[in-house]
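The sequence shown lines up with residues 314 to 403 when you count with the working numbering. Don't be surprised by glycine CBs; every beta carbon is placed ideally from N, CA and C. Beneath this line is the structure, given in structure tokens, with notes to follow.
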Amino acid sequence: MPTNRKVPLRRCVATNEMHPKKEMIRVVRSKEGEVSVDVTGKKSGRGAYVSKTEYAVNEAKRKNVLKHQLEVEIPEQIYEDLLAVIRKES
């Protein structure tokens, strides 16, 4: 009898909605303080998840939640990279 596997859920920092980890994009801060977009979800460091919607990215930027969650200034390029990943996948 096959068992059903649990799907890991993560909360979007912008919308506070729970989604499966595969439907989210991770933004990670390394130990050196460098911020990057982690499409694979495997990079080491402190991470924050954003839903794969333009609305969620714009809300994260407007509310400045990534700065609060990662405790570091977020460059404009990160938001552009997030939008590029979303547009590429859709």
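Leaving aside the five residues that flank R324 on each side, the residues in its chain whose CB is nearer than 6 Å to its CB run, in chain order, M331.
Counting of Cβ neighbours within 10 angstroms places L322 among the exposed residues, the total staying below 16. The beta carbon of K344 lies closer than 7 Å to those of G358 in the same chain, with the five residues before and after it left out.
Its chain contains V326, A327, V363, L379 as the residues whose beta carbon lies nearer than 7 Å to that of A373, once the 5 sequence neighbours on both sides are disregarded; these appear in chain order. Here DSSP, grouped into helix, strand and coil, assigns R339 to strand. From the listed residues I387, E386, A361, V320, the smallest Cα separation to R339 is found for A361. Taking K356 as the centre and dropping the five residues before and after it, the same chain places the C-beta of V341 closer than 6 Å to its C-beta, in chain order. Each residue's CA atom was taken as its position, placing E367 and E393 some 10 Å apart.
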